[in-house]
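**Q** Order-wise, the sequence lines are chains A and B. In short: position in the first sequence from 1, add 9, done, that's my numbering. In short: position in the second sequence from 1, add 63, done, that's my numbering. After the structure tokens below, expect a handful of questions from me.
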Amino acid sequence: MTIAGDEPSLGAPDDLSPREREAVSALVRAMADDEFVLAERYTEWQVRSPTLESDLALSNVAQDEYGHARLWYDLLQDFGASEAELIWEADPVDFRHATLVELPFPEGDWADPILRSYLFDVYEKLHLEALEDSSYPRIRDRVGKVQSEETFHREHAENWLERLCADPDGRERVQFAADRLFPYGLTLFVPTDRESAIVDLGIRTDPLDSLREDWFAEVIPFLESLGIDLPVTDDGVVEVELPEKIGRRGDHTDHWPDLFAEFTHTYREMDLDEPPRLMEDPDDVG
Amino acid sequence: MIWEVFRQEEAGDYHTHCGNVHAPDRDMALAFARIQHARRMPANSLWVVPKDEIGEVDADEAAFGGTTDKAYRWAQTFNTDENFAEEIAESQREQEEAERKREEGA
């Protein structure tokens, strides 16, 4: 079977070789966990955002991210794992989200979720573009659906950043957030231990290294144009050290077990046999 | 700043007032309106309009339609068959409906 450009295409979930399956799993696990954990953090702003409108907007972004997480977890369920095993009864160290998305928000610091959303959403745009021609049809078929919602997220964050930075106090807050979050933005580009297979098999058509360069080329000029200082030399060399905890290989900050305990609390409290499901399977909806 | 929001459900429909949003400028108003007024309802297009830019005249200030009999405005007052054209039938129904509402309100 071939797709456009005569690139070899991977088969159905049951037809994958162990190497192919592990590569798909590693990629999708990181994507699903990023979306899910980021959405969990966003919901902390419910009824606490600066205005009713901003509250609804961020809640809506969170809902979108949960929906995207559902699409990606569903691909892991193709390989036999249940949703309970993947999330609610999982060990916290099984999660592969980048540590950027698990950090708690400094109380009342609206610049943080806005900048975090911006850093993540630009990454996600680039990452999804590199999946448009994925050799794995189950990924390829879902990319467009996610992309159409992500454009709004990015515009939302950009609009807010422009307005926050138009005011000296607001810009100072964004600067504080940037000092803290920019290094964590790099955690999004740290490969899992299956990166070479992911790229060799064409599951993602660009390596994370080159996506990171594209990310720098977009976020650095934009933030600098707003008056935000970033650790970049005049020659364009980014001088940032990776945070100690990355996430992509199961290493998480101390904030993660607490967040995990919090969002699994109700599941454990109610002693559920399986997570209640309100939505249809993504394969059954258009 | 308050922006009034008007939603059009399908191409060709009127934009109908559906509420408002607080936003500092037009771009943010559009972004918020998308979430607040088009997330759950069908929408083909949204307008946002600064509340201050909306002119208003109300029934306390104006006698809408005048106070004297103006039945000559009715199409069927003239010597035409109501069924002569669809437009006339439609106008007839509109006038009857308007009269009914005026009587209810009186």
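For every residue, glycine included, the Cβ atom is placed at its ideal position computed from N, Cα and C. Model, not experiment: these values are computed from the prediction.
For A92 (chain B), which residues in the same chain have their Cβ closer than 7 Å to its Cβ, ignoring the five residues on either side in sequence?
**A** Only W66, V84, A86, V111 meet the Cβ criterion.
**Q** Any Cβ of chain B within less than 8 Å of the Cβ of H165 (chain A)?
**A** Answer yes: the Cβ-Cβ gap between H165 (chain A) and chain B drops below 8 Å somewhere.
**Q** Would you say M104 (chain B) reaches chain A, if we count a Cβ-Cβ gap shorter than 8 Å as a contact?
**A** No, its Cβ sits nowhere closer than 8 Å to a Cβ of chain A.
**Q** Select from A:L109, A:A206, A:P177 the residue whose C-alpha is nearest the C-alpha of L124 (chain A).
**A** For the residues A:L109, A:A206, A:P177, the minimum Cα distance to L124 (chain A) belongs to A:L109.
**Q** Tell me, please, which residues DSSP counts as bridged to W71 (chain B).
**A** For the sequence presented, residue 71 (chain B) should be read as Gln rather than Trp. DSSP lists B:S108 as partners of Q71 (chain B).
**Q** Which first and last residues belong to the beta strand (DSSP E) in which G82 (chain B) is found?
**A** Run containing G82 (chain B): 79 to 85, per the beta strand (DSSP E) assignment.
**Q** Would you kindly report the start and end of the unbroken alpha helix (DSSP H) that includes P240 (chain A)?
**A** Note, P240 (chain A): premise wrong, no alpha helix (DSSP H); not H, not E.
**Q** Can you give, in chain order, each stretch of the alpha helix (DSSP H) that sits fully within the region 27 to 103 of chain A and has at least 4 residues?
**A** Entirely contained in the region 27 to 103 of chain A, the alpha helix (DSSP H) runs reaching 4 residues are, in chain order, 27 to 52, 61 to 86.
**Q** How many Å lie between A66 (chain A) and W137 (chain B) at the Cα?
**A** Between A66 (chain A) and W137 (chain B), the C-alpha separation is close to 49 Å.
**Q** For V56 (chain A) versus D64 (chain A), is the C-beta distance shorter than 8 Å?
**A** A contact, by the Cβ cut-off of 8 Å.
**Q** Along chain B, which residues have their Cβ under 7 Å away from the Cβ of L306 (chain A)?
**A** Outside the modelled stretch of chain A, which goes from 10 to 295, sits residue 306 (chain A), for which no answer is possible.
**Q** If the criterion is Cβ atoms closer than 8 Å, does the pair L137 (chain A) and L195 (chain A) meet it?
**A** No, the Cβ-Cβ distance between L137 (chain A) and L195 (chain A) is not below 8 Å.
**Q** Mind reading off the beta-carbon distance from S108 (chain B) to Q71 (chain B)? Whole number of angstroms is fine, and I expect it under 8 Å.
**A** Their Cβ separation, rounded to whole angstroms, is 4 Å, which keeps S108 (chain B) and Q71 (chain B) in contact under 8 Å.
**Q** Can you tell me where the alpha helix (DSSP H) holding F272 (chain A) begins and where it ends?
**A** Element bounds for F272 (chain A): 264 to 272.
**Q** Cβ of I96 (chain A) within 8 Å of Cβ of S144 (chain A)?
**A** No, the pair does not count as a contact, with Cβ atoms beyond the cut-off.
**Q** Please state the DSSP three-state secondary structure of E166 (chain B).
**A** If DSSP states are grouped into helix, strand and coil, E166 (chain B) belongs with the helices.
**Q** Can you say whether D178 (chain A) is buried or exposed, counting buried as having 16 or more other CB atoms within 10 angstroms of its CB?
**A** Answer is exposed; the Cβ neighbour count stays below 16.
**Q** Taking the straight line between their C-alpha atoms, what separation do you get for E124 (chain B) and K164 (chain B)?
**A** Going from the Cα of E124 (chain B) to the Cα of K164 (chain B) covers about 20 Å.
**Q** Is V131 (chain A) near H77 (chain A), with beta carbons less than 8 Å apart?
**A** Cβ atoms of V131 (chain A) and H77 (chain A): not closer than 8 Å.
**Q** Just tell me which of A:R286, A:F272, A:F191, A:L85 has its CA closest to the CA of V241 (chain A).
**A** Residue A:F191 is the option with its Cα nearest to V241 (chain A).
**Q** When the Cα of W224 (chain A) is compared with those of A:R203, A:W265, A:A139, which residue comes out closest?
**A** For W224 (chain A), the nearest C-alpha among the options comes from A:A139.
**Q** Where does I148 (chain A) fall in DSSP's three states?
**A** Note: I148 (chain A) maps to helix in three-state DSSP.
**Q** Between which two residues does the alpha helix (DSSP H) containing I117 (chain B) stretch?
**A** Segment: none, I117 (chain B) is in no alpha helix (DSSP H) and carries neither H nor E.
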